[in-house]
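Residue numbers (UniProt numbering), protein chains in the order written: chain A, 1 to 111; chain B, 1 to 111. Here a beta-carbon is modelled for each residue, glycine too, at the ideal position from N, C-alpha and C.
There are 2 protein chains.
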Amino acid sequence: MTEDRLSTIFAALADPTRRAILARLADGEATVSELAEPFSISLPAISRHLKVLEHAGLISRSRSAQWRSNRLEPGPLREATEWMERYRHFWDVNLTRLDAHLKRLQEGPSS
Amino acid sequence: MTEDRLSTIFAALADPTRRAILARLADGEATVSELAEPFSISLPAISRHLKVLEHAGLISRSRSAQWRSNRLEPGPLREATEWMERYRHFWDVNLTRLDAHLKRLQEGPSS
DNA sequence: CCTATGGTTAACGAGTTCGTTAATTAACGA
DNA sequence: TCGTTAATTAACGAACTCGTTAACCATAGG
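So this is what it looks like as C-alpha cells:
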C-alpha cells in the first residue's frame, strides 16, 4: 500500500516523458504548457506526469495567476544516486585512485 | 512498444523486492531458492522478478544441473547513475547555497 | 524407471499506469 | 459580465504489473 520512497522515485524516473521533463527543468522553471509543447500528448497527460514527479519530490510547484510554475528539486535524484553508489565499486575499473586513497589513509590520516 | 533501455532499468529498480535481490547478489552469486528464502512470496513470483532483472541487464544467469545461478551485472546501474550525474552539480549547487544561507543566519540575521 | 528437487510456464485476478476526450475551475482583462 | 487562457479533474479503456495456485520441464540419483 504505502510505497517506499525509493520505489516512488525510481518509478517516476521509469518514464521517458518524465525524464525529458526533468531535463527541461534543469534549464530553469517552466509552466505546464511550456513543458507540454515538445510532446505530442495531451495536456491532461502532462498534468498527470507532473503530479507523479511532484509526489516523488522531484519537482515543486507554485502558482501565479493562472500559471503553475514547475521547479526541479534534485534531492530525490541524490537519494537514488546514493543507493546506487553502493554498487559503484563493482563497475569502477579505475581502482588505482581508490587504492592510493586507502593507502594514504593507512599511512597517516593527518591531512 | 519497444521500451528504451533506461526506462527498463529504472522500472526494474522501482520494486523493493528486486532491489533487495540485487543487494543480496552484491555479496555473491546465489540460486533462485537462496534468493527467495528471505521473502514471504512464492517461488514463481521470485522467478518473474529475476526475469525482469535479467531483461534489464542487471543480472546474468547460468545453469548447472537443476540450479540456476544468478550474478549481479552492474553495467545498467552505471548507466542509470550516469544519467543522474547530469543533475549532480544541481544538487551540489543547492547544498552550497543552503550552506551559505545557514552560515548567514548563524552569523547574524541582519542581512 | 521412479521419485525428489529446483525452477519455470500457464492461467487468472486485483490493482496500477498511461493515454484519451469532455467537463470544470481559476484568474486575467476588455 | 463575458470570453479567453491555463490547468486540473472526471470518466473511461487498453495494457501492464505483481501476486496467487496448478501444472510442467529438467536433472540427479537410487
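Fewer than three Cβ pairs drawn from the stretch 63-73 of chain A and the stretch 3-18 of chain A lie within less than 8 Å of each other, which leaves the two stretches out of contact. Counting the other CB atoms within 10 Å of its CB gives alanine 30 of chain B a total of 16 or more, which places it among the buried residues. Taking a Cβ-Cβ threshold of 8 Å, none of the residues of chain A is close to proline 44 of chain B; the smallest such distance is about 21 Å. With a threshold of 8 Å between beta carbons, phenylalanine 90 of chain B makes contact with chain A.
Beta-carbon to beta-carbon, isoleucine 59 of chain B and leucine 25 of chain B are separated by about 7 Å, close enough to satisfy the 8 Å threshold. Boundaries for isoleucine 59 of chain A: no alpha helix (DSSP H) harbours it, while the beta strand (DSSP E) harbouring it runs 59-64, taken from the DSSP string.
DSSP places serine 69 of chain B in the uninterrupted beta strand (DSSP E) bounded by 67-72.
Within the same chain, Thr8, Ile9, Ala12, Pro76 come within 7 Å of alanine 56 of chain B by CB-CB distance, once the 5 residues on both sides are set aside. Here valine 32 of chain B is near leucine 50 of chain B, since their CB atoms are less than 8 Å apart. Nearest CB-CB separation between arginine 71 of chain A and chain B: not below the 8 Å threshold. When only Cα atoms are considered, serine 47 of chain B and glutamate 37 of chain B end up about 12 Å apart. For threonine 31 of chain A, the beta-bridge partners assigned by DSSP are A:Ser69. Taking the Cα of glycine 28 of chain A as reference, the smallest distance to any Cα among A:Ala80, A:Ser40, A:Glu73 is reached at A:Glu73.
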